[in-house]
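2 protein chains.
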Amino acid sequence: MLKRERQAYIVHQVNLHNKVLSNTLSSEIDVSEDTIRRDLQELDEKGKLIKVHGGALSHAFHDITYPSKKIYSQDSKKIIGEKAARLIKDGMFVLTGGGTTIIEMARSLPANLSATLISGSIPAVVEYMHHPMIEVIVIGDKLSKNSKITLGTHAIAKINTFKPDLCFLGINAIDLKYGVTDSDWDVVQIKQAMIEASQKVICLTISEKINTIQPVKVCNLNKIDILITELPKEHPLLQPYAEAGITVM
Amino acid sequence: MLKRERQAYIVHQVNLHNKVLSNTLSSEIDVSEDTIRRDLQELDEKGKLIKVHGGALSHAFHDITYPSKKIYSQDSKKIIGEKAARLIKDGMFVLTGGGTTIIEMARSLPANLSATLISGSIPAVVEYMHHPMIEVIVIGDKLSKNSKITLGTHAIAKINTFKPDLCFLGINAIDLKYGVTDSDWDVVQIKQAMIEASQKVICLTISEKINTIQPVKVCNLNKIDILITELPKEHPLLQPYAEAGITVM
DNA sequence: TGAAATTTTGCCGCTTTTTGCATTTTAATC
DNA sequence: GATTAAAATGCAAAAAGCGGCAAAATTTCA
Chain A
1 MLKRERQAYI
11 VHQVNLHNKV
21 LSNTLSSEID
31 VSEDTIRRDL
41 QELDEKGKLI
51 KVHGGALSHA
61 FHDITYPSKK
71 IYSQDSKKII
81 GEKAARLIKD
91 GMFVLTGGGT
101 TIIEMARSLP
111 ANLSATLISG
121 SIPAVVEYMH
131 HPMIEVIVIG
141 DKLSKNSKIT
151 LGTHAIAKIN
161 TFKPDLCFLG
171 INAIDLKYGV
181 TDSDWDVVQI
191 KQAMIEASQK
201 VICLTISEKI
211 NTIQPVKVCN
221 LNKIDILITE
231 LPKEHPLLQP
241 YAEAGITVM
Chain B
250 MLKRERQAYI
260 VHQVNLHNKV
270 LSNTLSSEID
280 VSEDTIRRDL
290 QELDEKGKLI
300 KVHGGALSHA
310 FHDITYPSKK
320 IYSQDSKKII
330 GEKAARLIKD
340 GMFVLTGGGT
350 TIIEMARSLP
360 ANLSATLISG
370 SIPAVVEYMH
380 HPMIEVIVIG
390 DKLSKNSKIT
400 LGTHAIAKIN
410 TFKPDLCFLG
420 INAIDLKYGV
430 TDSDWDVVQI
440 KQAMIEASQK
450 VICLTISEKI
460 NTIQPVKVCN
470 LNKIDILITE
480 LPKEHPLLQP
490 YAEAGITVM
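If you read the protein sequences in the order shown, they are chains A and B.
Mapping of the first sequence onto our numbering: residues 1 to 249, in sequence order.
Mapping of the second sequence onto our numbering: residues 250 to 498, in sequence order.
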């Protein structure tokens, strides 16, 4: 990786997450921490970020009085996104839906990951587009302004032409009895096509949507391979799902 | 391999992968690294790429990661965008390419316009998506990180299923004798498909690209219906094109 | 066509940049 | 205040850049 390329990536990460850790960057980009430190120093001098102990902060967080506290705190969707991103390995074909949780996953993809991501979600595509090594395939069709994903028969037909390794879905409701449910019929058609096409289905959701129901059914629990929430996998709320045969993370 | 040929190859590689390494190019093309370095230097001076230690990066990459950089001749492009936007009427089906000029047009679309816009350009789609009344159809395929548009046979096939009223293209070079030319072969394939599919072709360009030539041919002048620049239509630079049968605006 | 002029290319020695490692110094945490 | 992690410092190896030069290739022009 070229020096400029590396520094550009660091700036990008800082702008996305408002913080970066030296050791994380070091292992992601696979250079020594000394190099990262020198990069952060240069970027600080250029005013691209603010260097602090252990990493760097974005200018947006300039007025934070205790940056070290901010550096280690993360919200639920970031945690989910990071857990999810770890499942993607080099060379994989990955189908993803839309939604804020998926965006967080996209932002957590390590710099050295080289995979092919397929999506009809415009915000997700924009994120993937910024990644240095990821190949992006866009699912085309009519764009829904609400969900910001492409919807329709062409999109479904296109999804069916792939056989991706993984499928990541942000879900709106999951229940032991009723399975995964959602509110928008058209979006559900896409999700069903994605589930059927993929070898492994991974659902992402914040814990407050667990044990809730929405009007339109997406699929039964047995279609889901992995469920990711911000909770630790031992949490009692998740146990019934584990017992139902889903890998909880 | 001729020098021109070699440099064209390098530009293509940069556009394709967003970066090139000197030593890779050297062994690929089988010339010394000194020659590659001189090539990169020349191409940098011509603005085709950005030379860095160990290789070169594409301009698009630089734009993405250093958004502070001001878009070149923004004001001219705004004028062009406004002229172009006035051509779109309620109920029309409009096909558009990518590029900064098209983005300016997208931003100039009046809020009460209700039309259907079709595009494979992610930045353009993002703009259309924010418009209250416009229907957006996304052309899907593999996403080129350099041009930020979808490229490939699927995209071309999809374009051919439409018969839009208008087609807006941002062009990189136009000349009386050689017609419209461009630098990237894959992008040209898409542009040609768009031109053939559409009932009316409108080309947008800043005046400094008039009477310039790029290596890959897009189409002859007779395919173009309207040419829009930031200049007034009476400007002498535009007269030869008006005489060639093109409506200049 | 063929010779001169020009451009292009590869090589050489030398300088600069980049990077990782070892060591010392500084800062953070409990 | 002891322990630990990160920063700064110095250093050396490797890689890349640079200017000059001469051979090779290409173009120009008589």
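No residue lacks a Cβ here, since even glycine has one placed at the ideal position from N, Cα and C.
| Check | Outcome |
| --- | --- |
| Asn146(A) classed as buried or exposed, judged by whether at least 16 other C-beta atoms fall within 10 angstroms | exposed |
| Cβ of Ile137(A) within 8 Å of any chain B Cβ | yes |
| Residue burial classification, Gly296(B) (beta-carbon count within 10 angstroms, cutoff 16) | exposed |
| Closest Cα partner of Leu366(B) within the set Leu480(B), Lys391(B), Leu415(B), Ile328(B) | Leu415(B) |
| Contacts that Asp390(B) makes with chain A (C-beta to C-beta distance below 9 Å) | Ile137, Val138, Gly140 |
| The stretch 352-382 of chain B: positions lying closer than 7 Å to chain A by Cβ | Ile371, Val374, Val375, Met378 |
| Near the ligand SAH: Arg335(B) beta-carbon under 7 Å from a heavy atom | In terms of ligand content, the structure shown is empty, and the ligand SAH therefore cannot be addressed. |
| Nearest-angstrom Cα separation, counted from Asn112(A) out to Cys203(A) | 24 Å |
| Limits of the beta strand (DSSP E) - the one that Ile149(A) falls within | First-last for Ile149(A): undefined, no H or E at that position. |
| Under 8 Å between C-beta atoms of Ile388(B) and Thr399(B) | yes |
| Contacts of Lys145(A) in chain B (Cβ-Cβ under 7 Å) | Met378 |
| Straight-line gap, Lys83(A) to Thr205(A) (C-alpha atoms, nearest Å) | 12 Å |
| First and last residue of the uninterrupted beta strand (DSSP E) at Leu227(A) | 226-228 |
| Whole alpha helix (DSSP H) elements within the stretch 425-451 of chain B, 4-residue minimum | 434-446 |
| Below-8 Å beta-carbon distance, Leu222(B) vs any chain A residue | Past the boundaries of the shown model lies residue 222(B); chain B is included only from 250 to 498, so the question cannot be answered. |
| CA-to-CA distance, Asp390(B) to Arg107(A), given in whole angstroms | 22 Å |
| Sufficient close CB pairs (3 or more, under 8 Å) joining the stretch 334-341 of chain B to the stretch 20-38 of chain A | no |
| Lys19(A) - partner residues in DSSP beta bridges | Leu57(A) |
| Own chain residues within Cβ distance below 7 Å of Glu104(A), not counting five before or after | Lys77, Lys78, Ile80, Gly81 |
| Reduced DSSP secondary structure (H/G/I, E/B, other) of Leu117(A) | strand |
| Simplified DSSP state of Thr161(A), which is helix, strand or coil | coil |
| Same chain only: Cβ atoms within 7 Å of Asn18(A), ignoring 5 sequence neighbours per side | Leu57, Ser58, Ala60, Phe61 |
| Cα-Cα separation between Lys449(B) and Met341(B), rounded to whole angstroms | 12 Å |
| Interface residues of chain B facing Leu21(A) [CB-CB closer than 7 Å] | Under the 7 Å cutoff, chain B gives no residues; its nearest Cβ is about 20 Å from Leu21(A). |
| Strand pairing of Gly389(B), partner residues [DSSP] | Paired residue(s): none; Gly389(B) is not in a bridge. |
| Reduced DSSP secondary structure (H/G/I, E/B, other) of Glu254(B) | helix |
| Close Cβ partners of Ser432(B) (< 7 Å) along its chain, the five nearest in sequence each way excluded | Val260, Asn421, Gln463, Pro464, Val465 |
| Thr96(A) vs Ala124(A) beta-carbon contact at 8 Å | yes |
| Residue span of the beta strand (DSSP E) that contains Ile50(A), given as start and end | 50-52 |
| Closer than 8 Å at the beta carbon, the chain A residues around Gly296(B) | Those do not exist, as Gly296(B) stays about 17 Å from chain A at its closest Cβ, beyond 8 Å. |
| Any C-beta of chain A under 8 Å from that of His302(B) | yes |
| Start and end residues, alpha helix (DSSP H) containing Val125(A) | 122-130 |
| Ile255(A) - partner residues in DSSP beta bridges | This structure gives no information on residue 255(A), because the portion of chain A shown stretches from 1 to 249. |
| Chain A contact for Lys326(B) (CB, 8 Å cutoff) | no |
| Closer than 8 Å to chain A by CB, Lys332(B) | no |
| Cross-chain neighbours of Leu25(A) in chain B, by beta carbon under 9 Å | Ordered by position in chain B, no residue passes the 9 Å Cβ test against Leu25(A), which lies about 15 Å from the chain. |
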